[in-house]
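J.:
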Ligand code: SF4
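In the numbering used here, the protein residues as written are 431 to 555.
What follows is the structure, encoded as structure tokens:
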């Protein structure tokens, strides 16, 4: 487990729920593409906004540093990360601050992700 590297999914470990105990939340440092519906649930956009121009919404969210990019082809928004690479919603206690409202992709990890069924488990520093 010492040699697990977030950037190298081949080093990740086979997932089991007990791995989350005492973990540093490496999964919450991975790039995150989210949907317009996720933005509404997170309170970053209104239902009216997502039924209008997604490009216009993306420009506002980029200005506010909530997203880093938007892909019109897929309609997915790349959530902006903190300078240290953490998700903007990851607290100093390494717990999600929006757990009940978290994006679908977070709910499905590690069923989906860079290496389905595996996680970048590392102990809290
Ligand atoms: S929204 Fe929450 S669960 Fe999802 S990556 Fe951010 S901190 Fe982790």
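Glycine residues also receive a C-beta, built at the ideal position from the N, C-alpha and C atoms.
1. With respect to 7 Å, is the separation between the Cβ of residue 536 and the closest non-hydrogen atom of ligand 1 below this value?
2. Relative to the alpha-carbon of residue 509, which residue among 495, 521 and 502 has its alpha-carbon at the smallest distance?
3. Is the beta carbon of residue 549 sitting closer than 8 Å to the one on residue 449?
4. Could you have a look at residue 483 and say whether DSSP puts it in helix, strand or coil?
5. Just to confirm, is the Cβ distance from residue 491 to residue 474 under 8 Å?
6. Go ahead and label residue 468 buried or exposed: buried means 16 or more other beta carbons lie within 10 angstroms of its beta carbon, across all protein chains shown.
7. Out of 534, 538 and 520, state which residue places its alpha-carbon closest to the alpha-carbon of residue 454.
8. Sorry if obvious, but does the Cβ on residue 520 come closer than 7 Å to a heavy atom of ligand 1?
9. Consider the C-beta atom of residue 532 and the heavy atoms of ligand 1; say whether any pair is separated by less than 7 Å.
10. Among the candidates 505, 499, 504 and 503, whose CA atom is the shortest distance from the CA of residue 511?
11. Judging by CA-CA distance, which residue of 470, 436 and 451 is the nearest neighbour of residue 531?
12. Taking C-beta to C-beta, are residue 540 and residue 533 nearer than 8 Å?
13. For my contact list, residue 435 and residue 444 are in at a C-beta cut-off of 8 Å; report their separation, rounded to the angstrom.
T.: Reading from the atomic positions:
1. Within the chain shown, residue 536 is the residue found at index 106, counting from 1. Yes, the beta carbon of residue 536 sits closer than 7 Å to at least one heavy atom of ligand 1.
2. Reading the chain shown from its first residue, position 79 is the one you call residue 509. Answer by Cα proximity: 495.
3. Numbered from 1 along the chain shown, position 119 holds the residue referred to as residue 549. Numbered from 1 along the chain shown, position 19 holds the residue referred to as residue 449. The answer is yes: Cβ separation under 8 Å.
4. The residue you call residue 483 lines up with position 53 of the chain shown. DSSP places residue 483 in coil when its eight states are reduced to three.
5. What you label residue 491 is simply residue 61 of the chain shown in a count that begins at 1. What you label residue 474 is simply residue 44 of the chain shown in a count that begins at 1. Yes, the Cβ-Cβ distance between residue 491 and residue 474 is below 8 Å.
6. The count along the chain shown starts at 1 and reaches residue 468 at position 38. Result: buried.
7. Within the chain shown, residue 454 is the residue found at index 24, counting from 1. Answer by Cα proximity: 520.
8. Taking the first residue of the chain shown as position 1, residue 520 is located at position 90. Flag set: Cβ of residue 520 near ligand 1.
9. Walking along the chain shown from the start, residue 532 turns up at place 102. Residue 532 Cβ: within cutoff of ligand 1.
10. Along the chain shown, read from residue 1 onward, the residue named residue 511 stands at position 81. Considering only alpha carbons, the answer is 499.
11. Numbered from 1 along the chain shown, position 101 holds the residue referred to as residue 531. Of the candidates 470, 436 and 451, the one whose C-alpha sits nearest the C-alpha of residue 531 is 470.
12. For the purposes of this step, residue 540 is taken as the residue at position 110 of the chain shown. For the purposes of this step, residue 533 is taken as the residue at position 103 of the chain shown. Not a contact, by the Cβ cut-off of 8 Å.
13. Taking the chain shown and counting its residues from 1, the one referred to as residue 435 is at position 5. Taking the chain shown and counting its residues from 1, the one referred to as residue 444 is at position 14. About 16 Å separates the Cβ atoms of residue 435 and residue 444, ruling out a contact at the 8 Å cut-off.
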